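Here is the structure we will look at.
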Amino acid sequence: MNPLPPTTSESTILQLRRGLRPYQRRLWLRRLVRDGARIAAFVAAAGLVLAGAARLTPLGWAPLAAAAMVVAGLLALLIDAARVRPTLAETAMALDSEQGLRDRLASALALSERTPGDRPDAKSHEALVRLQREDALRSLAAADRRAFRPRLPQRALASTVLCAALIVPALVLPNPQSAILAAREEQRDAAEQQARRLDQTADRLGTGRESPDPRADVADELRRLAKSLRDRPADLDEHLARLGSMEDALRSRLEPGAEQRAAAMTSLARSLSQLATGSDSNPAGDPQHAAEDLDEMAEGLDDKSPAEHAELARRLAEMESVARQAGPEARGALHDAASALARGETAAAREALAKLGDALERGQRQVDLNRDLARAANDVQDARRALAGSGPTRAGQGGQPGQPGSSSVPGSSAAPGQPGSSGQPGQPGQSGQPGQPGQGSQPGQGSQPGQGNQPGQGNQPGQGSQPGQGNQPGQGQGQGQGSLGGGGSNARYLGSGTGQGATRGPTTGNRQFGTGELDPVYADFDRLGRPGDPSYIAGSGGDGQIDPGSGQGAGTGNDGIVPYTDVYQEFQDLAITTLDRSYVPVDVKDYVRDYFSRLGGGP
Amino acid sequence: MTQPALDQPLVTGLSPEGFADRAQLIEREIQRVIVGQDALVRQTLICLVANGHALLEGVPGLGKTMLVRTIAEVLDCTFNRIQFTPDLMPADIVGTNVLVEESGQRVFRFQPGPVFANLLLADEINRATPKTQSALLEAMQEQQVSVARERHLLSPPFFVLATQNPLEMEGTYPLPEAQLDRFLFKLWVPFPSEADLITIVERTTGSTTAHAQAVADASEIVAMQRLARSVPIAPHVTAYAVSVLAATHPDGPRAPQLVREYVRYGGSPRGAQALVLAGKINALLEGRYNVATDDIRAVALPALRHRVIRNFEGEAEGITSDAIVRAVLDAVAPPAVD
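Sequences listed follow chains A and B, in order.
Using this note's numbering, the letters of the first sequence map in sequence onto residues 1 to 603.
Using this note's numbering, the letters of the second sequence map in sequence onto residues 604 to 941.
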């Protein structure tokens, strides 16, 4: 029998630990690869879920979330790297298991920490421990150096590949939510842009002014609006409503005839300065300048002869028609001045001229206020339009069919049919229902044969475009093709005639919002709708069937033919009022005024 | 033959290699007589080296008695056999004081019973009454007998091999749990394979009968026992053995469903001792100096099968103790690091 070997030294265990170090690193790497694959699978799965969700609902934060997932995955890997770093004992156990070493390494390491104590067989125990260490060292030397080769977990790898394969098309294929996100971004930009515009308007209005000047209050309200736009750009409905209310409030303060009055005041001031100085010293018609000229003229009244007073009175009286348009106060002061001069009362004339100068200056201030408010209202209107136009578009509803043309009444001349009602907002591409055929006109009884075989055309544009609002932005605007029946004739007296009711039937699909043909039309915004109303765009005529109507009857006087001179003044007043109340570019205003001035100089 | 006590320091050294060589020699010599049954021989040897006792269960004619007799021949130890019968008395086992005449005086002198041997075959132990069965308790646990208030030490090694027949249950007295717990292993003697059976028939029906030669003596067995107990065991292996034992208890946290449903009582602490000690010997027999968790698993079945007490449902359902121990081993995996 061989005796037990002597007690071992610590060198064996040191060699054992040293020999385990490379395996420890390899085991660490294997764990990192394993956990990294799992984390990658998790991140890929989460990314797939995110990509899928981003295709179902607009997620503006999706890219940020994806980046956060990747960062979180890397962070988790870093934490995991520190967590899964194996100890030497773990390495020994793992190597025992992988290489089939039957716990040799783990036992040797574990027993190196234990002392035999005072057990009776301590000597043989130590000898066996030494033998264990040497056996472990031999086993370690014979172990495969390539042990702990990194292994990718198949399930995690398959999950990662599958998720990645699904993510790629989800990212490459067009995402319908991108348009919504882009629209929202555009909406935010528009909100910021309009907020800046409102701030500029507020600065323009409020600089140097304090309450009770209404412009200061308006400036404060505009700044609050701008802040609200910046804070909550998505609340388009609320903003549009507030802007609409603000615009209404501003326009309600506007004086309808302010521009006309301003023109009259300019003309009056120019004339008064010319009268006071004898030359065209105030070509711009500055009321203040005119007031100063009037003061000088008033001071020199005592030096003038009664004849000159009478001449002055006469010329002042000639200006009364213009002064009437400049306002009652100016007219009254002018009348008083003229009367006083005619009576030779210079003191009263001086007082009246002073009042006239004051009236001109007050009028000018009122005009300035009116112009500021009008400009602010236009700015608010522009902001509202821009905001409404920035919203995401959505399909409209199908248009309604046009109304049938009305028939021509027997015995009367074929009157133009009623315009068809405009179509309601419709889905793009849907066609309206065909209109009802016009009723056939009954035979007329005109004594003279008419030539009224002219199909009526009732293409009357429907409602104007109004931008969509809020969550209903961009509704397709449609205009039902007004189908008109009945023929028309411009003959003053018509004999028998045959009217054809032309039903221009179905409307075409409503178009996406846009000003389209209405671009050059500068119409009162309020006339087209209120905030929150659906918007429309005129559709084009459809291919509806024509249901001809025929009728004969005696023509009567066509009241629809009116000499333009009879309505010139009415139209001019309406145009000027419109120019005053609405946002119309200056050059267009000049164009309109020139148009009416040319007409006024006609027959 | 003077034999060293186990609690004395080892004087004559025995290397692990010498241990393995000696064990192989013993096994090889036993296998000259016993055909097949390699696992049974190995487990019996483990039991012997662990200074424990084995309960062999098997149908008659499988060579249980032959195995014990062969071991006695190989080890050159004293061997006695007791055929347990219902009328067997404790004194028939441990011995009794008899009145003898010495130098003209009559004195009581202790007449040792058959228990005084290195190897004791308790054949069909379940046929004796519990009173007689319990006579073996002190001898198996304390390695001594007390007769007439006098203690008589048994010479080491003392190895009891008890057999019982699982078929003929009438007129038997099943061993109580306390006595079963004193057996290190309960070994199941399987029916030999056909090839082994052919060899058995050829060996036993010829003109010559195989005999084993003594290749070790009692002192060497004691040295092997001492060396086996000196084998250090790593804490994680001990913890694994304890975990396995704890899992045999139905209220244990790692107990499998089979244990929870069909086990009344799990193994006693002697079970953990048996696992560790037998594991050490198994490691030495395989030429290793360390105990592996595989060693614990290798000896778990014989060490625990008689310590797991099934409940009524388990017995009614026919759930065997082996199935329960296997379920425990499946549930308690060795400590692994990936």
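Each residue gets a CB set at the ideal place from its N, CA and C atoms; glycine is no exception.
Given the structure is predicted, the values throughout are model-derived calculations rather than measurements.
CB of residue 633/B within 9 Å of CB of residue 815/B, strictly: As a first step, residue 633/B must be located in the second sequence, where it is residue number 30. As a first step, residue 815/B must be located in the second sequence, where it is residue number 212. A contact, by the Cβ cut-off of 9 Å.
Quick one: any contact between the region 849–869 of chain B and the region 883–902 of chain B, if contact means 3 or more CB pairs under 8 Å? Touching, no, given that fewer than three Cβ pairs across the two stretches are closer than 8 Å.
Selection from 889/B, 830/B and 696/B that minimises the alpha carbon distance to residue 715/B: In the second sequence, counting from the first residue as 1, residue 715/B sits at position 112. Comparing Cα positions, the closest option is 696/B.
Specify the secondary structure class of residue 281/A as computed by DSSP and reduced to three states. To locate residue 281/A, count along the first sequence from 1; it is residue 281. The three-state reading of DSSP puts residue 281/A in coil, since its state is none of H, G, I, E or B.
What are the boundary residues of the beta strand (DSSP E) that includes residue 725/B? By 1-based counting over the second sequence, the position of residue 725/B is 122. Element bounds for residue 725/B: 722–726.
Compute the Euclidean distance between the alpha carbons of residue 30/A and residue 37/A, then round it to the nearest angstrom. Position 30 of the first sequence, counting from 1, holds the residue named residue 30/A. Position 37 of the first sequence, counting from 1, holds the residue named residue 37/A. Inter-residue distance for residue 30/A and residue 37/A is about 11 Å (C-alpha atoms, whole angstroms).
If the criterion is Cβ atoms closer than 9 Å, does the pair residue 51/A and residue 166/A meet it? Within the first sequence, residue 51/A is the residue found at index 51, counting from 1. Within the first sequence, residue 166/A is the residue found at index 166, counting from 1. Residue 51/A is a Cβ neighbour of residue 166/A, given a cutoff of 9 Å.
Interface residues of the region 827–842 of chain B facing chain A [CB-CB below 8 Å]: Residues of the region 827–842 of chain B whose Cβ lies closer than 8 Å to any Cβ of chain A, in chain order: 829, 830, 832, 833, 834, 835, 836, 837, 838, 839 and 840.
Determine the DSSP secondary structure at residue 622/B, reduced to helix, strand or coil. One-based indexing of the second sequence puts residue 622/B at position 19. Of the three classes helix, strand and coil, the one that applies to residue 622/B here is helix, per DSSP.
Please identify the residue among 707/B, 875/B, 781/B and 705/B whose C-alpha is closest to the C-alpha of residue 738/B. Here residue 738/B refers to the residue found at position 135 when the second sequence is read from its first residue. Check the Cα spacing between residue 738/B and each of 707/B, 875/B, 781/B and 705/B: the tightest is with 781/B.
Give the residues from the region 50–72 of chain A that approach chain B closer than 7 Å (Cβ to any Cβ), ordered along the chain. Within the region 50–72 of chain A, no residue has a Cβ that lies closer than 7 Å to any Cβ of chain B.
For residue 594/A, count the other beta carbons within 10 Å of its own beta carbon; 16 or more makes it buried, fewer makes it exposed. Which is it? Indexing the first sequence from 1 puts residue 594/A at position 594. With fewer than 16 other Cβ atoms within 10 Å, it is exposed.
Counting only Cβ pairs nearer than 7 Å, list the residues of chain B close to residue 90/A. Translated into the one-based positions of the first sequence, residue 90/A becomes position 90. Near residue 90/A (Cβ distances below 7 Å), the residues of chain B are 940.
On the DSSP letters alone, give me the boundaries of the beta strand (DSSP E) that residue 698/B sits inside. Position 95 of the second sequence, counted from the first residue, corresponds to residue 698/B. Residues 698–705.
If I measure Cβ to Cβ from residue 132/A and keep anything under 8 Å in the same chain, skipping five residues before and after, which residues do I get? Mapped onto the first sequence, residue 132/A falls at position 132. The residues 104, 107, 108 and 111, in chain order, have a CB closer than 8 Å to that of residue 132/A in the same chain once the five nearest residues on each side in sequence are set aside.
Suppose the cutoff is 7 Å on Cβ atoms and the five residues either side in sequence are ignored; what does the same chain contact list for residue 333/A look like? For this step, residue 333/A is matched to residue 333 along the first sequence. 352, 355, 356 and 359, listed in sequence order.
Give the secondary structure of residue 789/B by DSSP, where H, G and I count as helix, E and B as strand, and everything else as coil. Counting from 1 along the second sequence, the entry for residue 789/B is found at position 186. Looking at residue 789/B - three-state DSSP - the assignment turns out to be strand.
Measuring CA to CA, which of 370/A, 68/A, 141/A and 298/A is closest to residue 256/A? In the first sequence, residue 256/A corresponds to position 256, counting from 1. Closest in C-alpha terms to residue 256/A, from the list 370/A, 68/A, 141/A and 298/A, comes 370/A.
Does any C-beta atom of chain B lie closer than 9 Å to the C-beta of residue 132/A? The residue you call residue 132/A lines up with position 132 of the first sequence. For residue 132/A, the answer is yes, since a Cβ of chain B falls inside 9 Å of its Cβ.
What do you reckon, are the CB atoms on residue 218/A and residue 387/A nearer than 9 Å? Mapped onto the first sequence, residue 218/A falls at position 218. Mapped onto the first sequence, residue 387/A falls at position 387. Against a cut-off of 9 Å, the Cβ pair of residue 387/A and residue 218/A comes out as no contact.
Of all the CB atoms in chain B, is at least one closer than 9 Å to the CB of residue 129/A? In the first sequence, counting from the first residue as 1, residue 129/A sits at position 129. Chain B contact via Cβ: present.
Which residues in chain A sit within 8 Å of residue 891/B, going by Cβ to Cβ distance? What you label residue 891/B is simply residue 288 of the second sequence in a count that begins at 1. Result: 102, 104 and 135.
Give me the Cα-Cα distance between residue 97/A and residue 686/B, rounded to the nearest whole angstrom. Sequence index remark: in the first sequence, residue 97/A carries index 97 (1-based). Sequence index remark: in the second sequence, residue 686/B carries index 83 (1-based). Residue 97/A and residue 686/B: Cα-Cα distance of roughly 48 Å.
Where residue 857/B sits in the DSSP three-state scheme: As a working note, residue 857/B is residue 254 in the second sequence. DSSP places residue 857/B in coil when its eight states are reduced to three.
Which runs of the alpha helix (DSSP H) fall wholly inside the region 657–699 of chain B and span at least 4 residues, in chain order? Counting only runs that start and end inside the region 657–699 of chain B, the alpha helix (DSSP H) elements of at least 4 residues fall at 667–678 and 694–697.
Note down, in chain order, all residues in the region 12–27 of chain A with a beta-carbon under 9 Å from any beta-carbon belonging to chain B. Per Cβ criterion, the list reads 27.
Secondary structure at residue 322/A, three-state DSSP: helix, strand or coil? Residue mapping note: residue 322/A aligns to position 322 of the first sequence, counting from 1. For residue 322/A, the secondary structure class from DSSP, reduced to helix, strand or coil, is helix.
Using the three-state DSSP reduction, which class does residue 754/B fall into: helix, strand or coil? In the second sequence, the residue the question calls residue 754/B occupies position 151. If DSSP states are grouped into helix, strand and coil, residue 754/B belongs with the strands.
Please give me, in chain order, every unbroken run of the alpha helix (DSSP H) with length at least 4 that falls completely inside the region 215–284 of chain A. The qualifying runs are 236–253 and 258–277.
Do three or more CB pairs link the region 717–736 of chain B to the region 760–776 of chain B at distances below 8 Å? Enough Cβ pairs lie closer than 8 Å, so yes.
Using a threshold of 9 Å, state whether the C-beta atoms of residue 679/B and residue 817/B are closer than that. In the second sequence, counting from the first residue as 1, residue 679/B sits at position 76. In the second sequence, counting from the first residue as 1, residue 817/B sits at position 214. Yes, the Cβ-Cβ distance between residue 679/B and residue 817/B is below 9 Å.
In chain order, what residues of the same chain have a beta carbon less than 7 Å from the beta carbon of residue 323/A, not counting five sequence neighbours either side? In the first sequence, residue 323/A corresponds to position 323, counting from 1. The answer, listed in chain order, is 268, 330, 331 and 334.
How would you write the range of the alpha helix (DSSP H) that residue 915/B sits in, first residue to last? For the purposes of this step, residue 915/B is taken as the residue at position 312 of the second sequence. Per DSSP, residue 915/B belongs to the alpha helix (DSSP H) from 915–920.
What residues from chain B crowd round residue 111/A, counting only those whose CB sits closer than 7 Å? Locating residue 111/A in the first sequence gives position 111, counting from the first residue. Result: 835 and 837.
Residue 94/A versus chain B: which residues are under 9 Å apart at the beta carbon? As a working mapping, residue 94/A is identified with position 94 in the first sequence. 939, 940 and 941, listed in chain order.
According to DSSP, is residue 633/B helix, strand or coil? Position 30 of the second sequence, counting from 1, holds the residue named residue 633/B. Helix at residue 633/B.
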